[in-house]
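Protein sequences, first through last, are from chains U and B.
Everything in the first sequence is counted per our numbering, starting at 4 for the first residue and increasing by one.
Everything in the second sequence is counted per our numbering, starting at 4 for the first residue and increasing by one.
2 protein chains.
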Amino acid sequence: MSLKTASRVLNNEPSVSESTRLKVRAAADALGFRRNAVAADLARGGVSRLVGFVTGDIANPFYSDLASGIERELRKHGLQLITASSDEDVDRERELIDALIERRVAALFIAPTADDHSYLRSELADGVPIVFLDRPPGGIDADTVVLDNRAGAAAAARHLVDQGHRRIALAGDLPRLWTFRERREGFVNALRDAGIGDPERYVRDGLHDAETARVAVEELLALDEPPTAILTANNKITQGALRALHPAARGARRDVALVGFDDFELADILQVSVVGYEVSAMGQEAARLAVARIESPGEPAHLRVVPTVLIARGSGEIALAAPLEGVPAVG
Amino acid sequence: MSLKTASRVLNNEPSVSESTRLKVRAAADALGFRRNAVAADLARGGVSRLVGFVTGDIANPFYSDLASGIERELRKHGLQLITASSDEDVDRERELIDALIERRVAALFIAPTADDHSYLRSELADGVPIVFLDRPPGGIDADTVVLDNRAGAAAAARHLVDQGHRRIALAGDLPRLWTFRERREGFVNALRDAGIGDPERYVRDGLHDAETARVAVEELLALDEPPTAILTANNKITQGALRALHPAARGARRDVALVGFDDFELADILQVSVVGYEVSAMGQEAARLAVARIESPGEPAHLRVVPTVLIARGSGEIALAAPLEGVPAVG
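Below is the structure:
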């Protein structure tokens, strides 16, 4: 067997028979031999088959579903995704982006926390494929895939108005987050269009986990004139609201309508109406943009907006002043 | 400013003033300059500050919670986690392990799918820190963190026996998975110890997502002598069982007791009793083993077993032939 054949096997090149491949791998294992990946990458023009994804929070299923969608599409092109979490920390985001670019990833996906990405200008000019997900980049033009946040929030608000509600709350995320600002805008505009005089009366923001959301919803419900319907701005906030509305499934408060932005597992069993969207389609679209840019780096930046859909499951269809029969309202 | 100072800044070394750091970064950005990470890593003895984690399925919250626990601990040591998913494919697992080792990660975490990891023998002999998570390695000794799967499943089975149940089902995962084989063993032994003659009568396996689990549970409940209690072997199977037992929260079937292995979000609201454990503690323990091995590579391999705890929330405390008052049984 020639050295060239062995090299082909160890570089995972095609046109080597299965038995040869196995023999070379066995010999390489026995010798403790490993291909020098860095050298191999450099020989391919310095670009690896690895693609990086800097997510916001690895423990949020939104990001892992997104990663799953990206991954599925990349595999068709022989690319492998590696994911690292900024934990929504601006400095860590930059460190990770730098570390992945320095390692010559074939492409980079970023679900950004920072507002300024102008430090990536020279990479973009060099044609490095960088795609922003969920939130747009700051200070640069780059391929971006976002949700139609305004339309989704507006549709949810109109849906609640259609059930007769006028006192409608928005339980919202941190105001510095672009996605929340968009959702808030859609919500407020829809209420104003419906003739509601003070659309911001029940807007609460700064909620960023289920527990702070639970407390905020309890405070809203304790008002002298409480809201009769609530839009929760993301999956974590919806969970908190459910704990406020639905304490351990006993004595569930069924007189307050609820729509959650983001679908989530078991929302069907809990009958929670949501603003849903194809999260894995979002990831796939981002992966397609990256692959297209690898192939034609000169193109102008593309923006893709993923539509949302209102999924009615019960909680958003509770009409004003008409609690479900036989279910006592608590509180 | 000396070249040495610039180099210190770009290598994130301490003892540089904040204003100097900002100046150097700005100049470097303007010039499109990037540190050569590979060269810097080689200068540190060829090892990077990146740590790899090969997970089974990135979309399963079990793995993302694990990654989150690992990450929190690693950051204390200035290490950054990157995650890649094998999608429970044996060949992809090996490719990823190879790719990460070739890139000289500082340590490697593996939630393995494969049965044979003997190809890692030379790396282990060289002191490369490799920690196996959730399932042990095959064919080698290496640091490992697993759950006490047998004790957890046995405690759940005994708990159901204590409520008077004798016909107890196990809705199980793929039999090739070590975790499931352990859980099955714990379950079967506990029923046998309780004097139940045919403990395997209601054992079903091969379920690997919520939908196949839902169908299997519906089939169990349609038997002439159906089980009166069910242990579901993981979070996905529990979800499927809930869909069979609890269709859209209306006419919920409350005469079948249920305990799920793995806690999950909203289990409190759904009143589902589970076999829980500290998943982030599991990740932290694994990270500690890796850091210890970086510091003293010669040590023998350690095995850490994370305890489980039965969390009673209602569904597992339904006694035999005593459905909750006022809640009609369906089916």
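Using N, Cα and C, we set each Cβ at its ideal position, and we do this for glycine too.
Among the residues facing chain U, glutamine 287 (chain B) is not included, as its CB has no counterpart in that chain under 8 Å away.
In this structure alanine 213 (chain B) is in contact with arginine 246 (chain B), their Cβ atoms being roughly 7 Å apart against a cut-off of 8 Å. Assignment of serine 89 (chain B) by DSSP, reduced to helix, strand and coil, places it in the coil class. Where arginine 307 (chain B) is concerned, the enclosing beta strand (DSSP E) starts and stops at 306 to 309.
Within 7 Å of the CB of leucine 84 (chain B), the CB atoms of chain U belong to Ala87, in sequence order along the chain. Between threonine 58 (chain B) and serine 88 (chain B), the gap from beta carbon to beta carbon is short of 8 Å.
In the structure shown, the three-state DSSP call for glycine 189 (chain U) is helix. Taking a C-beta distance under 8 Å as the contact criterion, valine 220 (chain U) and alanine 260 (chain U) do not qualify as a contact pair.
Secondary-structure assignment with DSSP links aspartate 146 (chain B) through a beta bridge to B:Val134.
Counting only Cβ-Cβ distances below 8 Å, glutamate 74 (chain U) has contacts in chain B at Ile61, Ser88 and Asp90, in chain order. C-alpha of serine 283 (chain B) to C-alpha of alanine 70 (chain B): approximately 8 Å in a straight line. In the DSSP assignment, glycine 317 (chain B) falls outside any alpha helix (DSSP H), carrying neither H nor E. With fewer than 16 other beta carbons inside 10 angstroms of its own, leucine 226 (chain B) counts as exposed. Contact note: histidine 249 (chain U) reaches chain B through Ile272, using a C-beta cutoff of 7 Å and chain order. Proximity to threonine 311 (chain U) across U:Ala156, U:Ile199 and U:Asp118 peaks at U:Ala156, based on C-alpha coordinates. Our two residues, aspartate 60 (chain U) and aspartate 208 (chain U), have alpha carbons roughly 19 Å apart in a direct line. Put simply, the CB of glutamate 268 (chain U) is near chain B, with a gap under 8 Å to one of its CB atoms.
A direct Cα-Cα distance of roughly 44 Å separates leucine 123 (chain B) from glutamate 302 (chain U). Under the rule that a run must span 3 or more residues, the beta strand (DSSP E) segments found entirely inside the region 259 to 293 of chain B read 260 to 264 and 276 to 279. Per DSSP, alanine 216 (chain B) lies in no beta strand (DSSP E); the unbroken alpha helix (DSSP H) holding it starts and ends at 213 to 224. In this structure, the CA atom of leucine 53 (chain B) is about 18 Å from the CA atom of alanine 109 (chain U).
Under the three-state reduction of DSSP, valine 164 (chain U) is assigned to helix.
Inter-residue distance for alanine 158 (chain U) and glutamine 83 (chain B) is about 40 Å (C-alpha atoms, whole angstroms).
Beta-bridge partners of glutamine 83 (chain B) (DSSP): B:Leu53. Comparing alpha-carbon positions, the option among B:Glu188, B:Ile104 and B:Phe112 lying closest to serine 125 (chain B) turns out to be B:Ile104.
DSSP, reduced to helix, strand and coil, places alanine 174 (chain U) within a strand of the structure shown.
With respect to the C-alpha of alanine 114 (chain U), the residue from U:Ser51, U:Leu127, U:Ala128 and U:Val93 having the closest C-alpha is U:Val93.
Flagged as an interface residue toward chain U: serine 67 (chain B), by a C-beta distance shorter than 8 Å. The Cβ neighbour count for glutamate 203 (chain U), taken over all protein chains shown within 10 Å, is under 16; the residue is labelled exposed. With respect to isoleucine 314 (chain B), alanine 232 (chain B) sits apart: the two C-beta atoms are not nearer than 8 Å. Residues of the region 287 to 304 of chain U with a Cβ closer than 8 Å to any Cβ of chain B: none. Spanning the alpha carbons of leucine 177 (chain U) and threonine 215 (chain U) requires a straight line of approximately 12 Å. With its beta carbon at least 8 Å from every one in chain B, glutamine 166 (chain U) lies outside the interface. Linking serine 299 (chain B) to phenylalanine 183 (chain B) through their CA atoms gives a straight-line distance of about 33 Å. In the DSSP secondary-structure assignment, valine 206 (chain B) is bridged to B:Leu173. Residue nearest to arginine 186 (chain B) within the set B:Asp151, B:Val262 and B:Thr241 is B:Asp151 (criterion: CA-CA distance).
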